[in-house]
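Heads up, the thing below is written out as structure tokens.
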Amino acid sequence: MTRPVSPFKGRKAAVSAAKAPQTPKKGAKGTAGGAESGRQSSPPVENLSATREIICQDPAGQAFIRYLRTERECSEHTIEGYLLDLAQFLKRHPALVQDGSCAWNSVTPTEARHYAMNLAASGLQHVSVNRKLSALRAFYRFAMREGLAESNPFHLVTSAKTGKRLPKVMSEEEVIRLLDAPAAYWGRLATDEKHRGDADFSAARDAAILEVIYSAGLRVSEAAGLDTEDIDFLGATFRVRGKGRKERLCVLGRPAIQALRHYLVERERLGLAGRRSRGPLFLNQDGGRLTPRSIERSFKLYLAEAQLATDITPHKLRHSFATHMLNAGADLRVVQEMLGHASLTSTQIYTHIDMKRLMEVYAKAHPKA
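Following this line, the structure appears as structure tokens:
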């Protein structure tokens with residue numbers, strides 16, 4: 006039986022060889038995966054627009070996009086990620102493009118392994134290399150299923166082992182400061198009655214967003230995608246559409262309910278929508294659905310207002326929710342359901358306990374402490 010081969014063995018020598026011909030230009034921007042710690046520079050960003058269009062016109066590429074969109078119900082962001090990973094591979098192998106279509110069958114296992122080795126030597130983190138290889142494996146599995154490819158050249162190319170990084174979380178005190186930041190920020194900016202109404206609306210809306218994200222550990226895209234009819238104030242629950250359009254039921258805490266009620270009053274006062282109007286829950290000043298990018302921009306303002314670290318992201322608020330729940334004694338399965346994780350393994354990373362809590366438990370439980 007043929008053993009899987011790994012492109013990551015002897016990686017140090019491969020990196021040295023890849024660096025030997027030339028030194029990357031100073032100030033070159035890195036790829037999406039970023040460079041590993043200790044590297045002085047990152048690989049240059051590739052222009053993949055033309056190659057991406059070739060894949061979109063290729064019969065196998067078109068079929069793969071339909072498969073991701075309809076069968077797997079991937080988001081457009083995820084589909085774009087697959088496309089870019091395929092485009093990067095195709096750009097490194099221009100001979101595959103023949104008469105406007107791609108000769109996917111001509112890729113050999115040796116070429117697949119060499120491509121993986123080149124990725125590993127380029128300065129990308131292992132997790133980024135693994136993602137690119139996973140995209141190519143998924144494409145070839147689909148192509149074989151549809152009779153568009155005879156074999157999967159990436160089948161025996163193994164992924165690199167990556168250490169599990171514990172998610173960075175905010176303390177409960179830091180979360181409280183962040184949740185209070187919208188009112189403080191807009192209260193400081195609204196210096197006259199002319200702008201008071203817009204400021205009150207923005208403060209109420211953004212406070213409600215932060216409360217809802219922390220109340221149920223939402224992703225930013227999930228919060229932005231909420232509709233008013235998803236909220237059940239009587240039952241203190243709401244419906245969330247997560248990855249793969251999977252729906253789950255989440256709990257609304259009392260502060261989140263109060264923040265949402267206040268926001269809906271402000272929304273109605275500005276004439277953007279009624280308190281019970283169906284449609285997008287969180288609106289911009291023009292009455293359109295607030296985008297995840299807009300939420301992230303405002304989040305940065307509130308970090309500064311609360312004097313918190315600038316590297317905190319909305320996703321760390323989700324990490325903090327899970328960690329605080331588990332530290333307070335919540336069942337791991339319950340947190341898994343609330344986060345929308347398909348596997349319990351994804352949730353187990355939050356079972357780390359901070360050293361202060363560990364010492365407290367040790368002092369209480371150990372007979373010789």
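Heads up: the sequence shown runs through residues 6 to 374, numbered per the working numbering.
Heads up, the beta-carbon is just placed ideally off N, CA and C, and yes, glycines get one too.
All values derive from a computational prediction rather than experimental measurement.
Check: Simplified DSSP state of F243, which is helix, strand or coil; Outcome: strand
Check: Cα-Cα separation between L295 and N289, rounded to whole angstroms; Outcome: 5 Å
Check: Neighbour-count burial assignment, I236, 16 or more Cβ in a 10 Å radius; Outcome: buried
Check: Proximity of P285 and F304 at Cβ, strictly below 8 Å; Outcome: no
Check: Ordered list of alpha helix (DSSP H) runs contained in the stretch 109-169, each at least 4 residues; Outcome: 114-126, 131-150
Check: Cα-Cα separation, S106 to G202; Outcome: 57 Å
Check: P187, buried or exposed, once every other Cβ within 10 Å from all chains shown has been counted against 16; Outcome: buried
Check: Local Cβ density within 10 Å of K369, reported as buried at 16 or more and exposed below that; Outcome: exposed
Check: Top-ranked residue by Cα proximity to K248, from E227, L161, Y367; Outcome: E227
Check: Secondary structure, alpha helix (DSSP H): runs of 4+ residues fully inside the stretch 185-246; Outcome: 198-221, 225-229
Check: Distance between V132 and G38 (C-alpha atoms, nearest Å); Outcome: Here the model assigns G38 a pLDDT of 36, short of 50, so the residue's position is not dependable, and the following value carries that caveat. Approximately 8 Å between the Cα atoms of the pair.
Check: Residue burial classification, A100 (beta-carbon count within 10 angstroms, cutoff 16); Outcome: exposed
Check: Y219 beta carbon less than 8 Å from that of Y307; Outcome: no
Check: Under the three-state DSSP convention, the category R281 falls into; Outcome: coil
Check: Residue environment, F238, which counts as buried when at least 16 other CB atoms sit within 10 Å; Outcome: exposed
Check: Reduced DSSP category for C61 - H, G, I as helix; E, B as strand; rest coil; Outcome: helix
Check: Exposed unless 16 or more other CB atoms sit within 10 angstroms - verdict on R210; Outcome: buried
Check: Proximity below 8 Å, CB of L265 to CB of A208; Outcome: no
Check: Residues bridged to Q103 [DSSP beta-bridge criterion]; Outcome: S106
Check: Reduced DSSP secondary structure (H/G/I, E/B, other) of L53; Outcome: coil
Check: Boundaries of the beta strand (DSSP E) in which E252 is found, first to last residue; Outcome: 252-256
Check: Buried/exposed call for M364, threshold 16 Cβ in 10 Å; Outcome: exposed
Check: Coil, strand or helix - L286 by DSSP; Outcome: coil
Check: Cβ separation of L337 and L331, assumed to be a contact under 8 Å, to the nearest whole Å; Outcome: 7 Å
Check: Endpoints, the alpha helix (DSSP H) within which Y87 is located; Outcome: 81-97
Check: The stretch 66-77 / the stretch 119-132 touching (three or more Cβ pairs under 8 Å); Outcome: no
Check: Best match in R250, A229, F326, V256 for proximity to P297 [C-alpha to C-alpha]; Outcome: A229
Check: The stretch 150-164 contacting the stretch 174-184, beta-carbon criterion three pairs below 8 Å; Outcome: no
Check: Best match in D232, A204, E81 for proximity to G279 [C-alpha to C-alpha]; Outcome: D232
Check: Cβ neighbour criterion (16 or more within 10 Å) applied to A204; Outcome: buried
Check: Limits of the unbroken alpha helix (DSSP H) element including E76; Outcome: Taken as a continuous stretch (DSSP letters only), E76 belongs to no alpha helix (DSSP H), as it is neither H nor E.
Check: Identity of the residues DSSP links to R294 by a beta bridge; Outcome: L288
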